[in-house]
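Take a look at the structure below.
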Amino acid sequence: MPRRGATLLMAASLVGLSWEIHADADCLKRVFGIYCLGGSIQQLRQQYPAGMPSQQQGDRSAIVYRQGRERTYVMAFKGKIYKVLHTYDPASQITLKNLREKLEAKYGPYRDRSHYPAYARTKASKIGAIRRGEGELKHVWPSSDKSWRIELEWTRKLGISLSYISTVQDTEQQEARDREL
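Position 52 of the sequence shown, counting from 1, maps to 34 under this note's numbering, and the rest follow consecutively.
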């Protein structure tokens, strides 16, 4: 006959296992090995409480996790994670090139959604426009089923960032925001 402590441990393990199965059923994409697009932000807070909660605005909430000078922003709408964004430091051509090469190797060619002022034709002038806030680099990789996408961006505000976004939930939160205006 097993000891009571061992029985409780085995029961807890089974409950934990069933929770993991349930959590993965809601997960569109596991991001950075931790975050689950479509998953519960409340469960994330319980599993990784070290994040800094930001202000909640209606149905929107977020948690910010710091890793030195870099940050990971986890954004939710109606309790479900719709976006995970990680900033990279330093914001340089080398950082951008390394990230883009890794993403292209895994997900194929990107769609360029960048925009710059008309005068910015060279790489140096485009980077200058980004740093002045006059342009932005944006490369997009949609998933094969279009349920999520990846965005690699370089902007003045965040520097270089990599986002994983749930397409349906992002559209829902944008529509709700537009109705609030």
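C-beta: ideal position from N, C-alpha, C; glycine also.
Could you tell me the distance, in whole angstroms, from the CA atom of residue i to the CA atom of residue j?
i, j, result
"R161", "Q28", "31 Å"
"I147", "M57", "10 Å"
"S22", "S125", "21 Å"
"D127", "E133", "16 Å"
"Y55", "L140", "11 Å"
"R114", "R51", "21 Å"
"K60", "T104", "43 Å"
"R12", "Q38", "24 Å"
"S43", "Y30", "16 Å"
"L81", "L163", "36 Å"
Just tell me which of the options has its CA closest to the CA of residue i.
i, options, result
"T69", "A87, Y47, Y89 and K60", "Y47"
"K88", "R113, W123, G61 and G15", "W123"
"K185", "K105, L10, K139 and A32", "The structure shown has nothing for residue 185, since the chain only spans -17 to 163."
"R53", "A102, A32, K60 and Q39", "A32"
If you measure between the beta carbons of residue i and residue j, is that distance less than 9 Å?
i, j, result
"Q155", "Y17", "no"
"R164", "T149", "For residue 164 there is no data in the structure shown, the boundaries of the chain being -17 and 163."
"L67", "S129", "no"
"E86", "Y92", "yes"
"D41", "A158", "yes"
Give every residue of the same chain whose Cβ lies closer than 7 Å to the Cβ of residue i, excluding the five residues on either side of it in the sequence, and list them in chain order.
i, result
"Q49", "none"
"E116", "P99"
"A5", "The predicted position of A5 is uncertain, since its pLDDT is 46 and thus under 50; a value taken from the coordinates is nonetheless stated next. Cβ neighbours of A5 beyond the five flanking positions: C18, G21 and Q25."
"E118", "S96, H97, I112, E135, W136 and T137"
"K164", "What the structure shows of the chain is the stretch from -17 to 163, and residue 164 is not part of that stretch, so it cannot be assessed."
By a C-beta neighbour count over all protein chains shown, 10 Å radius and 16 as the cutoff for buried, is residue i buried or exposed?
i, result
"K108", "buried"
"F14", "exposed"
"Q151", "buried"
Leaving out the 5 sequence neighbours to the left and right, which residues in its chain are closer than 6 Å to residue i when beta-carbon positions are compared?
i, result
"P35", "I45"
"I142", "Y70, A73, T77, L78 and W136"
Return the chain-ordered list of same chain residues with a C-beta closer than 8 Å to the C-beta of residue i, the five sequence neighbours on each side being excluded.
i, result
"G110", "A102"
"G90", "W123"
"Q75", "K105 and I109"
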